[in-house]
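Notes follow the structure.
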Amino acid sequence: MKHRLRTTFQNTNFVVGFSILVLLLLLTFVTPLFMQGSPLDMVGTLFNKPGNYVNRMGVIDAPKYPMSIEVASIRLGAAVSNDEAKQMLEWLEKSELDVEWKGLDPEKDRAAIVELFLANYDDSIRLPGTSAYRKGFTRLYNKVQNLLSADGYVVHVADPDSESGYREVGKIESRDFTNVKDVPARRFFLLGTDNFGRDVFHELISAIGNSLMVGLIAGSIATTIGLLIGLTSGYVGGWLDNFLTFVTNMFTVIPSFVILILLSYSISSSSRSIVVVAFVIGLTAWPWTARSVRSQTLTLKNRDHVNISRLSGFGTVRIIVTDILPYVLSYVVMAYILQISSAILAEAQLSMLGLGPSTTTHATLGLMLSWSMQFQAPLSGAWWAFIPVVLSIALISFSMNLMNTGLDQVFNPTLR
Amino acid sequence: MAETDRVKVKRRELTETFLEGKNMSKVYGMGRRANRAVDNVNFKFRRGEIVSIVGESGSGKTTLAKMILGLTSITEGQLELYGQPRAFGTTAEKREYWKNIQAIFQDPFSTYNVFSKIDKVLLNCIELRGQKDLPYAQKVEIMTEACSFVNLRFAELTNKYPFELSGGQMQRLMIARIYILKPKLLIADEPTSMVDACSRATILDMLLKLRDEEDMTIVFITHDIGLAYYVSDTIYIMKSGQFVEQGTSDEVILHPKSDYTKRLLSDVPSIYEPWDLTSDDLLSEEDEFPTAAGGAP
Numbered sequence: 001m002k003h004r005l006r007t008t009f010q011n012t013n014f015v016v017g018f019s020i021l022v023l024l025l026l027l028t029f030v031t032p033l034f035m036q037g038s039p040l041d042m043v044g045t046l047f048n049k050p051g052n053y054v055n056r057m058g059v060i061d062a063p064k065y066p067m068s069i070e071v072a073s074i075r076l077g078a079a080v081s082n083d084e085a086k087q088m089l090e091w092l093e094k095s096e097l098d099v100e101w102k103g104l105d106p107e108k109d110r111a112a113i114v115e116l117f118l119a120n121y122d123d124s125i126r127l128p129g130t131s132a133y134r135k136g137f138t139r140l141y142n143k144v145q146n147l148l149s150a151d152g153y154v155v156h157v158a159d160p161d162s163e164s165g166y167r168e169v170g171k172i173e174s175r176d177f178t179n180v181k182d183v184p185a186r187r188f189f190l191l192g193t194d195n196f197g198r199d200v201f202h203e204l205i206s207a208i209g210n211s212l213m214v215g216l217i218a219g220s221i222a223t224t225i226g227l228l229i230g231l232t233s234g235y236v237g238g239w240l241d242n243f244l245t246f247v248t249n250m251f252t253v254i255p256s257f258v259i260l261i262l263l264s265y266s267i268s269s270s271s272r273s274i275v276v277v278a279f280v281i282g283l284t285a286w287p288w289t290a291r292s293v294r295s296q297t298l299t300l301k302n303r304d305h306v307n308i309s310r311l312s313g314f315g316t317v318r319i320i321v322t323d324i325l326p327y328v329l330s331y332v333v334m335a336y337i338l339q340i341s342s343a344i345l346a347e348a349q350l351s352m353l354g355l356g357p358s359t360t361t362h363a364t365l366g367l368m369l370s371w372s373m374q375f376q377a378p379l380s381g382a383w384w385a386f387i388p389v390v391l392s393i394a395l396i397s398f399s400m401n402l403m404n405t406g407l408d409q410v411f412n413p414t415l416r
Numbered sequence: 417m418a419e420t421d422r423v424k425v426k427r428r429e430l431t432e433t434f435l436e437g438k439n440m441s442k443v444y445g446m447g448r449r450a451n452r453a454v455d456n457v458n459f460k461f462r463r464g465e466i467v468s469i470v471g472e473s474g475s476g477k478t479t480l481a482k483m484i485l486g487l488t489s490i491t492e493g494q495l496e497l498y499g500q501p502r503a504f505g506t507t508a509e510k511r512e513y514w515k516n517i518q519a520i521f522q523d524p525f526s527t528y529n530v531f532s533k534i535d536k537v538l539l540n541c542i543e544l545r546g547q548k549d550l551p552y553a554q555k556v557e558i559m560t561e562a563c564s565f566v567n568l569r570f571a572e573l574t575n576k577y578p579f580e581l582s583g584g585q586m587q588r589l590m591i592a593r594i595y596i597l598k599p600k601l602l603i604a605d606e607p608t609s610m611v612d613a614c615s616r617a618t619i620l621d622m623l624l625k626l627r628d629e630e631d632m633t634i635v636f637i638t639h640d641i642g643l644a645y646y647v648s649d650t651i652y653i654m655k656s657g658q659f660v661e662q663g664t665s666d667e668v669i670l671h672p673k674s675d676y677t678k679r680l681l682s683d684v685p686s687i688y689e690p691w692d693l694t695s696d697d698l699l700s701e702e703d704e705f706p707t708a709a710g711g712a713p
């Protein structure tokens, strides 16, 4: 046994799969210690991009450091796209003003184009075309009109005592800088936020944990039922075997996913918690474990060591536990790993159909996918709401399958 | 071939009928596809007798052995122990039956559970004897005695797994198991066919010693008619589920009546006969031997 364990941990496939799984588990256990709040706190708004978010008022309050860095072109580069520069050139061309616009390249001379556009733009010049086309230029002008000024902003607060109704509290020069670390209120969203404004990373970590739990519960239930039925029907035989095989075949013939959908559907959505869904999955996934354990038991039952145990007067249960179970155990462990991974996939499938755990207190990988589909994350370009989830599911299944292949190489004599 | 040519195991006076099979059959399947593995078989085993059941593979020897052992059900007929139909219903009755009737199987490598240590096999026997609550030191004493009977040292065997032993050692340990249980009937299902010639002689000697010391009935199941003649008092020849011939070993071997027995006997190779050099099977001296340099045609 010790020897088998050692060879198992010398198998590359198994070790890689096992390390991925351990890393994922570590992630789910360790990361929550460093995160504030619950994973389902609605912190942000709909689909915020990944990144570091700092409070704007905090930026004004924070100490300022004037620096000699050319800010205008950076602001221009960030604010005016290539297309917008082309649009400006188009206006200059069509307005037929006497301006030297030829030879300006929208890529390189963006600042010059913006400057020229700002200097010459006139709302009263009526270009040919639709009104929407003309309004586009007005919007462009409004957007860029402040970009080139080096005057900075003046910050006011409402003050009923003063004449104007406002009181100046500060001035932001164009070359003022602030250290982000000086801003007390900030939040880092590694993977942005989802449709409810939840931190996707934090949610993902807890969802991986919950999905693994679904897999573990469902896999354990399926393996236990399969093992019990397989061992009894294989060893005891007779009418009990016929009956159990009949039941197993019935479950195999009816597509288990259909049973899964019907079962989930018949349980009211309020009582469909994570554990209930795991049970439902476990109760439909056992037949193929039962079938293969039964066939292995049938061949083991006629071995001489079983005969010797029978001749020693042992009861059925004792023979099954000491003489048959150890021989099928290595296979059962492999089946168990596959059951876990397929249960995680089954949960994701159910949740995508809206039949998964209906819970507002826990997230699972399937639920996260379901939410992001319902709020059209792919259409909004919010890749961070679903791609990390899909990758996590793939990673878990991948690691489980690697472990399974590794174990197969260790225990299957035909592959050794 | 006269009786005096061979050194034979000493014959014994046999009186008491111990186990009797009456019209026993084992049928697999039903209707047209029914297969009669053992077909209407009658036999009588006496105390202290060595019986051989000889037949080729598939003749139903092992099925008959399993029926006697109670490992498979008897379809028709019955088995009588001291004139009474055997009691084989409850677990307690079965345990009582197995105290009297035990077996050694053919392949020592598959007779052991590779997941448990080998002292477990002997401890289980002590448990079957009803001495489960014996202090451990006494159990060790019993096991040591049994092991020394089969020329094994118990101290070397403790905490070992079956795959750490050789085939001969495993088979001898099985005999140690029988020594602890001291059953009245031992069914030895080709006990020597998977071990080397050296171990074979020792194992046979030990079985004969068990018969002499414990007055044990031994049923040899074998395809080797020469071995059967060497050891047994009575021989049953089995063919497709039926006994085609039965009787004392001298009767059966020296004066066979059935054609099948004669054929079996003619298949036994004899090491005493000189080689017939004029036979066509052998190459004559004039024949050219193909050499490596010349190459085969």
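Residue numbers (the working numbering), protein chains in the order written: chain A, 1 to 416; chain B, 417 to 713.
Positions of the beta carbon are idealized from the N, C-alpha and C atoms, including for glycine.
1) Please give me, in chain order, every unbroken run of the beta strand (DSSP E) with length at least 3 that falls completely inside the stretch 229–295 of chain A.
2) Looking at C-alpha atoms only, which residue of A:126, A:38, A:152, A:142 is the closest neighbour of residue 71 (chain A)?
3) Whole angstroms is fine: what's the gap from residue 405 (chain A)'s alpha carbon to residue 291 (chain A)'s?
4) From the beta carbon of residue 313 (chain A), is the nearest beta carbon of chain B less than 8 Å away?
5) Keeping to the same chain, check which residues put their C-beta closer than 7 Å to that of residue 500 (chain B); ignore five residues upstream and five downstream.
6) Roughly how many whole angstroms lie between the Cα atoms of residue 109 (chain A) and residue 99 (chain A)?
7) Starting from residue 462 (chain B), trace the beta strand (DSSP E) both ways and give me its first and last residue.
8) Examine the Cβ distances between the stretch 594–601 of chain B and the stretch 616–635 of chain B and report whether three or more of them are shorter than 8 Å.
9) Would you mind listing the alpha helix (DSSP H) stretches within the stretch 112–178 of chain A that are 4+ residues and don't spill past its ends, in chain order?
10) Below 8 Å between beta carbons: does that hold for residue 583 (chain B) and residue 610 (chain B)?
11) Run through DSSP, which three-state label would residue 52 (chain A) get?
12) Could you run through the stretch 516–542 of chain B and flag, in chain order, every residue whose CB is less than 7 Å away from some CB of chain A?
13) For a cutoff of 8 Å on Cβ pairs, would you count residue 308 (chain A) as touching chain B?
14) Which one or two residues does DSSP pair with residue 442 (chain B) in a beta bridge?
15) Who are the near neighbours of residue 604 (chain B) in its chain, counting only those whose CB is closer than 8 Å to its CB and skipping five residues on each side?
16) Assuming residue 364 (chain A) contacts residue 207 (chain A) (C-beta within less than 8 Å), just tell me the rounded distance between them.
17) Do you know how far the Cα of residue 174 (chain A) is from the Cα of residue 91 (chain A)?
18) Tell me which residues of the stretch 480–511 of chain B have at least one Cβ-Cβ distance to chain A shorter than 7 Å, keeping chain order.
19) Count the other CB atoms, across all protein chains shown, that sit within 10 Å of the CB of residue 719 (chain B); report buried if there are 16 or more and exposed otherwise.
20) Between which two residues does the beta strand (DSSP E) holding residue 470 (chain B) run?
21) Can you name, in chain order, every residue of its own chain whose Cβ lies under 8 Å from the Cβ of residue 573 (chain B), other than the five neighbours on each side?
22) Could you tell me which residues DSSP puts in a beta bridge with residue 594 (chain B)?
23) Is residue 11 (chain A) helix, strand or coil by DSSP?
24) Let me know if residue 540 (chain B) comes out buried or exposed under the rule of 16 or more other beta-carbons within 10 Å of its beta-carbon.
25) Here's the rule: buried if 16 or more other CB atoms are within 10 angstroms of the residue's CB, otherwise exposed. What is residue 421 (chain B)?
26) Taking a cut of 9 Å between CB atoms, which residues from the stretch 541–570 of chain B lie near chain A?
27) Three-state secondary structure (DSSP) at residue 192 (chain A)?
28) Going along chain B, which residues have a C-beta under 8 Å from residue 3 (chain A)?
29) I want to know whether the stretch 185–198 of chain A touches the stretch 49–58 of chain A - three or more CB-CB distances under 8 Å.
30) What runs of the alpha helix (DSSP H), each 4 residues or longer, lie entirely inside the stretch 19–77 of chain A?
31) First and last residue of the alpha helix (DSSP H) that includes residue 681 (chain B)?
32) Specify the secondary structure class of residue 522 (chain B) as computed by DSSP and reduced to three states.
33) May I ask which residues mark the beginning and end of the beta strand (DSSP E) holding residue 652 (chain B)?
34) Are residue 244 (chain A) and residue 256 (chain A) closer than 8 Å when you measure CB to CB?
35) Closest by CA to residue 155 (chain A), which one among A:312, A:357, A:56?
36) Closer than 8 Å by C-beta to residue 138 (chain A): which residues in its own chain qualify, once you throw out the five before and the five after it? Chain order, please.
The short version:
1) none
2) Working through the first sequence from its first residue, we reach residue 71 (chain A) at position 71. The candidate whose alpha carbon is nearest that of residue 71 (chain A) is A:152.
3) By 1-based counting over the first sequence, the position of residue 405 (chain A) is 405. By 1-based counting over the first sequence, the position of residue 291 (chain A) is 291. Rounded to the nearest angstrom, the two C-alpha atoms are 20 Å apart.
4) Indexing the first sequence from 1 puts residue 313 (chain A) at position 313. With 8 Å as the cut-off, residue 313 (chain A) counts as an interface residue toward chain B.
5) Within the second sequence, numbered from 1, the residue matching residue 500 (chain B) stands at position 84. Excluding sequence neighbours, residue 500 (chain B) sits near nothing in its chain.
6) The count along the first sequence starts at 1 and reaches residue 109 (chain A) at position 109. The count along the first sequence starts at 1 and reaches residue 99 (chain A) at position 99. Going by the C-alpha atoms only, they are around 15 Å apart.
7) Stepping through the second sequence from its first residue, residue 462 (chain B) is reached at position 46. 451–462 is the span of the beta strand (DSSP E), which, as asked, contains residue 462 (chain B).
8) yes
9) 131–144
10) Residue 583 (chain B) sits at position 167 when you count from the first residue of the second sequence. Residue 610 (chain B) sits at position 194 when you count from the first residue of the second sequence. Yes.
11) As a working mapping, residue 52 (chain A) is identified with position 52 in the first sequence. The answer is strand: DSSP assigns residue 52 (chain A) an E or B state.
12) 518, 519, 521, 523, 526, 527, 528, 529, 531, 532, 540, 541
13) What you label residue 308 (chain A) is simply residue 308 of the first sequence in a count that begins at 1. By this cut-off, residue 308 (chain A) is an interface position.
14) For the purposes of this step, residue 442 (chain B) is taken as residue 26 along the second sequence, with counting starting at 1. Answer by DSSP bridge pairing, in chain order: B:454.
15) If you number the second sequence from 1, residue 604 (chain B) lands on position 188. Counting only Cβ-Cβ distances below 8 Å, and skipping sequence neighbours, we find 519, 520, 623, 634, 635, 636, 637.
16) The residue you call residue 364 (chain A) lines up with position 364 of the first sequence. The residue you call residue 207 (chain A) lines up with position 207 of the first sequence. Sure, about 5 Å apart at Cβ, within 8 Å.
17) Position 91 of the first sequence holds residue 91 (chain A). Position 174 of the first sequence holds residue 174 (chain A). Going from the Cα of residue 91 (chain A) to the Cα of residue 174 (chain A) covers about 28 Å.
18) 485, 487, 507, 510, 511
19) In this structure chain B extends from 417 to 713, so residue 719 (chain B) is not present and cannot be described.
20) Looking up residue 470 (chain B) in the second sequence gives position 54. Looking at the DSSP string, the run of the beta strand (DSSP E) that includes residue 470 (chain B) is 466–470.
21) Residue 573 (chain B) sits at position 157 when you count from the first residue of the second sequence. Cβ within range, chain order: 534, 535, 563, 581, 589.
22) Along the second sequence, one-based indexing puts residue 594 (chain B) at 178. Note: residue 594 (chain B) sits in no beta bridge, so no partner.
23) Here the question's residue 11 (chain A) lines up with position 11 in the first sequence. Note: residue 11 (chain A) maps to coil in three-state DSSP.
24) Residue numbering aside, residue 540 (chain B) sits at position 124 when the second sequence is read from its first letter. Residue 540 (chain B) is buried by the Cβ-count criterion.
25) Within the second sequence, numbered from 1, the residue matching residue 421 (chain B) stands at position 5. Any answer about residue 421 (chain B) is weak, because its pLDDT of 39 lies below 50 and its placement is not dependable; what the coordinates show is given next. The residue in question, residue 421 (chain B), is exposed, as its Cβ has fewer than 16 Cβ neighbours within 10 Å.
26) 541, 543, 544
27) In the first sequence, the residue the question calls residue 192 (chain A) occupies position 192. If DSSP states are grouped into helix, strand and coil, residue 192 (chain A) belongs with coil.
28) The residue given as residue 3 (chain A) occupies position 3 in the first sequence. Neighbours of residue 3 (chain A) on chain B: none; closest Cβ ~10 Å, over 8 Å.
29) yes
30) 56–61
31) For this step, residue 681 (chain B) is matched to residue 265 along the second sequence. Note, residue 681 (chain B): alpha helix (DSSP H), 675–682.
32) By one-based count along the second sequence, residue 522 (chain B) stands at place 106. Residue 522 (chain B): coil per DSSP, three-state reduction.
33) The sequence position of residue 652 (chain B) within the second sequence is 236, counting from 1. From DSSP, the beta strand (DSSP E) with residue 652 (chain B) extends over 650–655.
34) Here residue 244 (chain A) corresponds to residue number 244 of the first sequence, with the count starting at 1. Here residue 256 (chain A) corresponds to residue number 256 of the first sequence, with the count starting at 1. The answer is no: Cβ separation not under 8 Å.
35) Within the first sequence, residue 155 (chain A) is the residue found at index 155, counting from 1. Nearest of A:312, A:357, A:56 to residue 155 (chain A), Cα basis: A:56.
36) The residue you call residue 138 (chain A) lines up with position 138 of the first sequence. Counting only Cβ-Cβ distances below 8 Å, and skipping sequence neighbours, we find 123.
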